[in-house]
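Peer 1:
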Amino acid sequence: MSTNDEQDNLTPDENTNLSTEAKTAVSIQVSNNSKTVKKLLLVVVAMFGFGFALVPLYDVFCDITGLNGKTNGTAVAYTATGIDKSRLIKVQFITRNAQGIPWKFEPVINEITVHPGEMKLVSFYAKNNAAHDIIGQAVPSVSPGLAANYFHKIECFCFTQQPLKAAEEVEMTLQFYIDLELPEDINTLTLSYTLYDITEKSS
Amino acid sequence: MTTDVIAQDSHDEHHDDSHEHGKMTGIKRWLYTTNHKDIGTLYLWFAFIMFLTGGAMAMVIRAELFQPGLQLVEPDFFNQLTTVHGLIMVFGAIMPAFTGFANWMIPMMIGAPDMALPRMNNWSFWILPFAFAILLSSFFMESGAPNFGWTFYAPLSTTYSNGSTAFFVFAVHIMGISSIMGAINIVVTIMNLRAPGMTYMKMPLFVWTFFITAYLLIAVMPVLAGVVTMLLTDTYFGTSFFDAAGGGDPVMFQHIFWFFGHPEVYIMILPAFGIVSTTIPAFSRKRLFGYSSMVYATSSIALLSFIVWAHHMFTTGMPLFGELFFMYCTMLIAVPTGVKVFNWVATMWRGSLSFETPMLFSIAFVILFTIGGFSGLMLAMTPVDFQYHDTYFVVAHFHYVLVTGSLFSIYAGAYFWLPKWTGHMYNDTLSKWHFWCSLISVNLLFFPMHFLGLAGMPRRIPDYALQFADFNKWVSIGGFAFGLSQLIFLAVVIKCIRGGEKAPAKPWDGAIGLEWTVASPAPYHTFSTPPPQKDIDNADQHEH
């Protein structure tokens, strides 16, 4: 694009017929044009970068606001200052296999009740029904989305990949507690795991 | 190399005085041209050919939907048709048509000899046919054409792609580069090549709307390029921008896409505002009512367009605050848009109206675009959007704003400036046939879609429940009639190019603007010397 800068504002045959003053005017014009073009190209490049910058910005935004039902991706320590016996929260577990992963994957118990601040340990069962080794990755999501920031995982199988040999089975644990600050209007939480086959990506 | 050829060729032509100065002959004239009028013509013809191509796809879609059940095409091919129909109409028909108008008219309206960057202008046009050749070639591949909708949501376009994603992405990249180059050219031309005395607030509103649109293009087309690049790497290079398995998020695709997508809809309507703001005063024999408020309204719409994108995504499970924010911002756009509609009506108020074909299309634009705006307001309301989302109500809405909005304004502009472009008056009777056939059929085509949508008929489905059969039959009949009516326009244009009543320099007595101070057809080079201040003052759209 930058090769267009010079002498582009007049067709060549016109250019040859111009007087000296007119040529000076043309060259001022040309330098004005290339200045504007450079500024605009800078905007283009910046906006292309902005498109990609939206990716980390999106994650940061969701982290801060707790939108989108994303739970903490690494283990946190237990920091609750007590147990709120006055509230009882229902936590439901659901699992789902993404297309193409032949595992049996389900929660050992489907639902528990828990007081805010109380630590709980639950397990999930997985078995590789395929005749070959598969590496799985479970991706969690909490509904309602705003509750995600109040759902703290001390330990979760979703923090790491799960390699299972053919026909191997495993019981995987999840240890969590619910924040004392959980908004009053939330009494039921659903934690959903989607299991993906990431054998190709991780090899 | 191109430079040498042009220089040599134009040198040769000094011996041949029968040719117009600087014009080459045959196909070379069009391949090598740096003349804004030639390039404008190329853009307009390209847009019309693409319009007929996308229209032919719409005809197949409507034929399939003529009655319930699957008759003509496979569902997968149906999806390919809806996808490519959308892409072609947006990127191949409406946008290039407006760029064609910009090329033809902006230099003449601001008293400039040409666009500021003529050689880049040639490039930005000539890469377009390649973009669409790539896109359309995918129909003949084993995979078939893109079938994931023109909005190409991940994971439909990544994990579940039929293999056409690469063709699609490269085609969009080229279209984007073309649009960005075109937009840069428009901005540089308007900023640097205005005739002395042509201040910003003396520019015709037409020029203002293209100026603002060009800025929108420069701001959002790179974001589109970014998002399709992410699709490409997600599909073929193992990245996980939109793949939850690798830590990505498919909903983020929709955020980035609509961050481009919403300004895009204003890219397709702001130039339409500019065209009817030219034609309505001309046939009302009055100055435009509220010129300055029009400029500010256009700018406000452009700015607001950046903070409303998530109204396309109300059903993705946003928190209440987000829904309210995007709902209110969206409804806020109705204010500057209302200012514009008010100003057009106020321009006509107590004017000496006459109803030449450009005026008929302009009045139809004002009424029907407003209907599209109202259904847009309905869609903006979060609670009811849950009912309307992904139904034919949405299809009705955006076809009212894009067909009876953008397209009708393009027709208004085309009829208005055809005498200037060709030097001949168009055939009035045929043009009236074109208008009335289009007006009746377009409403038969799109109005019942509102009812279908409210009753729950989903979009992008080749079959439907029996209770939708009657309306769909009428919609299809309207569709065929509308499609055929556009061939009348083709006939009008061809007749007009080949002959007809000789057009004077200013065929419309109420028209103002520098373009009417030059002969019809416009000479190959205009305003090699800037126009006199008197002409610039006469072209001022402000009320006196």
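If you're matching them up, the sequences are chains A and B in order.
With our numbering, letter number 64 in the first sequence gets 83, and the count goes up by one each step, no holes.
With our numbering, letter number 81 in the second sequence gets 86, and the count goes up by one each step, no holes.
In this text, a Cβ means the ideal position worked out from N, Cα and C, and glycines have one as well.
What are the start and end residues of the beta strand (DSSP E) that includes Glu174 of chain A?
Peer 2: The residue labelled residue 174 of chain A in the question sits at position 155 within the first sequence. Where Glu174 of chain A is concerned, the enclosing beta strand (DSSP E) stretches over 170–175.
Peer 1: Name the DSSP bridge partner or partners of Trp122 of chain A?
Peer 2: Counting from one through the first sequence, the residue named residue 122 of chain A turns up at place 103. BP columns for Trp122 of chain A point to A:Asn147.
Peer 1: At least one CB of chain B closer than 9 Å to the CB of Ile217 of chain A: is that the case?
Peer 2: Within the first sequence, numbered from 1, the residue matching residue 217 of chain A stands at position 198. So, interface residue.
Peer 1: Closer than 8 Å, Cβ to Cβ, to anything on chain A: give me those residues from the segment 192–209 of chain B, in chain order.
Peer 2: Against chain A - using a Cβ distance shorter than 8 Å - the residues of the segment 192–209 of chain B are Val192, Val193, Met196, Asn197, Leu198.
Peer 1: Can you list, in chain order, the residues of its chain with a C-beta nearer than 8 Å to that of Thr132 of chain A? Leave out the 5 residues immediately preceding and following it.
Peer 2: To locate residue 132 of chain A, count along the first sequence from 1; it is residue 113. Excluding positions up to five away in sequence, the list reads Leu107, Ile108, Lys109, Val110.
Peer 1: Is the beta carbon of Pro463 of chain B closer than 9 Å to that of Asn84 of chain B?
Peer 2: As a position in the second sequence, residue 84 of chain B is number 79, starting the count at 1. As a position in the second sequence, residue 463 of chain B is number 458, starting the count at 1. Cβ atoms of Asn84 of chain B and Pro463 of chain B: not closer than 9 Å.
Peer 1: Given a threshold of 16 other Cβ atoms within 10 Å of its Cβ, counted over all protein chains shown, does Met6 of chain B qualify as buried or as exposed?
Peer 2: Numbered from its first residue, the second sequence carries residue 6 of chain B at position 1. Annotation note: pLDDT 38 at Met6 of chain B (below 50); position unreliable, coordinate value reported separately. Result: exposed.
Peer 1: Compare the C-beta of Thr55 of chain A with all C-beta atoms of chain B and state if any pair is closer than 9 Å.
Peer 2: Taking the first residue of the first sequence as position 1, residue 55 of chain A is located at position 36. True, the Cβ-Cβ gap to chain B drops below 9 Å.
Peer 1: Which same chain residues end up closer than 6 Å to Ser183 of chain B when comparing Cβ atoms and leaving out the 5 residues on each side of it in sequence?
Peer 2: Along the second sequence, read from residue 1 onward, the residue named residue 183 of chain B stands at position 178. Hits under 6 Å: Ser129, Ile132, Leu133.
Peer 1: List, in order along the chain, the chain A residues whose C-beta lies closer than 8 Å to that of Met257 of chain B?
Peer 2: Position 252 of the second sequence, counting from 1, holds the residue named residue 257 of chain B. Simply Leu73, Val74, Tyr77.
Peer 1: Whose C-beta lies closer than 6 Å to the C-beta of Ile102 of chain A among residues of the same chain, with five residues either side of it excluded?
Peer 2: Position 83 of the first sequence, counted from the start, is the residue given in the question as residue 102 of chain A. Once the five neighbours on either side are set aside, the close Cβ partners of Ile102 of chain A are His134, Gly136, Glu137.
Peer 1: Under 6 Å Cβ to Cβ from Gln491 of chain B, same chain only, skipping five residues before and after it: list those, please.
Peer 2: Position 486 of the second sequence, counted from the first residue, corresponds to residue 491 of chain B. No residues qualify anywhere along the chain.
Peer 1: Quick one: Cα of Tyr271 of chain B to Cα of Cys501 of chain B, how far?
Peer 2: Here residue 271 of chain B corresponds to residue number 266 of the second sequence, with the count starting at 1. Here residue 501 of chain B corresponds to residue number 496 of the second sequence, with the count starting at 1. Using only the alpha carbons, I get a separation of about 31 Å.
Peer 1: In terms of alpha-carbon separation, which member of B:Ile261, B:Ala249, B:Ser304, B:Gly251 lies closest to Leu275 of chain B?
Peer 2: Here residue 275 of chain B is taken as the residue at index 270 of the second sequence, counted from 1. Here the closest residue by C-alpha is B:Ser304.
Peer 1: Give the single residue among A:Val74, A:Ser211, A:Thr179 whose Cα lies nearest to the Cα of Phe247 of chain B.
Peer 2: Taking the first residue of the second sequence as position 1, residue 247 of chain B is located at position 242. Ranking A:Val74, A:Ser211, A:Thr179 by Cα distance to Phe247 of chain B puts A:Val74 first.
Peer 1: Kindly list, in the order they appear in chain B, the residues whose Cβ is closer than 7 Å to that of Gln156 of chain A.
Peer 2: Residue mapping note: residue 156 of chain A aligns to position 137 of the first sequence, counting from 1. Near Gln156 of chain A (Cβ distances below 7 Å), the residues of chain B are Ala250.
Peer 1: Between the alpha carbons of Gln156 of chain A and Ala185 of chain A, how many angstroms are there, rounded?
Peer 2: As a working mapping, residue 156 of chain A is identified with position 137 in the first sequence. As a working mapping, residue 185 of chain A is identified with position 166 in the first sequence. Cα to Cα, Gln156 of chain A sits roughly 16 Å from Ala185 of chain A.
Peer 1: Please report how far the alpha carbon of Met191 of chain A lies from the alpha carbon of Gln180 of chain A, in whole angstroms.
Peer 2: Locating residue 191 of chain A in the first sequence gives position 172, where the first residue counts as 1. Locating residue 180 of chain A in the first sequence gives position 161, where the first residue counts as 1. Met191 of chain A and Gln180 of chain A: Cα-Cα distance of roughly 11 Å.
Peer 1: Assuming Phe115 of chain B contacts Ile195 of chain B under a Cβ cut-off of 8 Å, what Cβ separation, rounded to an integer in Å, is found between them?
Peer 2: In the second sequence, counting from the first residue as 1, residue 115 of chain B sits at position 110. In the second sequence, counting from the first residue as 1, residue 195 of chain B sits at position 190. According to the sequence shown, residue 115 of chain B is Ile rather than Phe. Indeed, because the Cβ distance is near 7 Å, the residues count as touching under 8 Å.
Peer 1: Beta carbon of Pro126 of chain A, beta carbon of Ala149 of chain A: below 9 Å?
Peer 2: In the first sequence, counting from the first residue as 1, residue 126 of chain A sits at position 107. In the first sequence, counting from the first residue as 1, residue 149 of chain A sits at position 130. Result no, Cβ atoms of Pro126 of chain A and Ala149 of chain A do not sit closer than 9 Å.
Peer 1: Whole angstroms is fine: what's the gap from Pro101 of chain B's alpha carbon to Thr88 of chain B's?
Peer 2: One-based indexing of the second sequence puts residue 101 of chain B at position 96. One-based indexing of the second sequence puts residue 88 of chain B at position 83. Taking the straight line joining both Cα atoms gives about 19 Å.
Peer 1: Select from the segment 226–237 of chain B all residues with a C-beta closer than 7 Å to any C-beta belonging to chain A, and list them in chain order.
Peer 2: If the cut-off is 7 Å between Cβ atoms, the segment 226–237 of chain B has Pro227, Val228, Ala230, Gly231, Val232 near chain A.
Peer 1: Looking at the unbroken alpha helix (DSSP H) that takes in Ile128 of chain A, where does it start and where does it end?
Peer 2: As a working note, residue 128 of chain A is residue 109 in the first sequence. Run containing Ile128 of chain A: none; DSSP gives neither H nor E here.
Peer 1: Could you give the distance in angstroms between the alpha-carbon of Gly231 of chain B and the alpha-carbon of Met257 of chain B?
Peer 2: As a first step, residue 231 of chain B is located in the second sequence; it is residue number 226 there, counting from the start. As a first step, residue 257 of chain B is located in the second sequence; it is residue number 252 there, counting from the start. Rounded to the nearest angstrom, the two C-alpha atoms are 13 Å apart.
Peer 1: If contacts are defined as beta-carbon pairs under 8 Å, then Phe374 of chain B and Gly418 of chain B qualify, I think. What distance do you get, rounded to the angstrom?
Peer 2: Here residue 374 of chain B is taken as the residue at index 369 of the second sequence, counted from 1. Here residue 418 of chain B is taken as the residue at index 413 of the second sequence, counted from 1. No, Phe374 of chain B and Gly418 of chain B are not in contact; Cβ-Cβ is about 14 Å, not under 8 Å.
Peer 1: Buried or exposed: where does Met565 of chain B fall if 16 or more other Cβ atoms within 10 Å of its Cβ makes it buried?
Peer 2: The question about residue 565 of chain B has no answer, for chain B in this structure spans 6 to 549.
Peer 1: Ordered along the chain, which non-local residues of its own chain (more than five positions away) have a Cβ less than 6 Å from that of Ala219 of chain B?
Peer 2: Taking the second sequence and counting its residues from 1, one reaches residue 219 of chain B at position 214. These residues qualify, in order along the chain: Ala188, Ile191, Val192.
Peer 1: Taking just the CA atoms, how far does Pro528 of chain B sit from Asp119 of chain B?
Peer 2: Within the second sequence, the letter at position 114 stands for residue 119 of chain B. Within the second sequence, the letter at position 523 stands for residue 528 of chain B. Straight-line Cα distance between these residues: approximately 12 Å.
Peer 1: In this structure, what does DSSP give as the bridge partners for Val158 of chain A?
Peer 2: Position 139 of the first sequence, counted from the first residue, corresponds to residue 158 of chain A. Answer is A:Thr213, bridged to Val158 of chain A.
Peer 1: Pick from B:Thr320, B:Tyr393, B:Ser282, B:Asn348: whose alpha carbon is nearest that of Met364 of chain B?
Peer 2: On the second sequence, position 359 is the one that residue 364 of chain B refers to. Nearest option by C-alpha distance: B:Ser282.
Peer 1: Starting from Pro134 of chain B, trace the alpha helix (DSSP H) in both directions and tell me its first and last residue.
Peer 2: Working through the second sequence from its first residue, we reach residue 134 of chain B at position 129. Element bounds for Pro134 of chain B: 133–142.
Peer 1: Considering only residues of the same chain and omitting the five flanking positions on each side of Leu92 of chain B, which have a CB-CB separation below 6 Å?
Peer 2: By one-based count along the second sequence, residue 92 of chain B stands at place 87. Answer for Leu92 of chain B: Trp155, listed in chain order.
Peer 1: Considering Cα atoms alone, identify which of B:Asp395, B:Asn448, B:Gly515 is closest to Leu293 of chain B.
Peer 2: In the second sequence, the residue the question calls residue 293 of chain B occupies position 288. Ranking the options by Cα distance to Leu293 of chain B, first place goes to B:Gly515.
Peer 1: Given that Gly243 of chain B touches chain A, what residues does it touch there, using C-beta distances under 9 Å?
Peer 2: Along the second sequence, one-based indexing puts residue 243 of chain B at 238. Near Gly243 of chain B (Cβ distances below 9 Å), the residues of chain A are Glu219, Lys220.
Peer 1: Who are the near neighbours of Tyr241 of chain B in its chain, counting only those whose CB is closer than 8 Å to its CB and skipping five residues on each side?
Peer 2: Position 236 of the second sequence, counting from 1, holds the residue named residue 241 of chain B. Result list for Tyr241 of chain B: Thr170, Ala171, in chain order.
Peer 1: At what residues does the alpha helix (DSSP H) containing Arg115 of chain A begin and finish?
Peer 2: Locating residue 115 of chain A in the first sequence gives position 96, counting from the first residue. Unbroken run through Arg115 of chain A is the beta strand (DSSP E), 108–116; no alpha helix (DSSP H).
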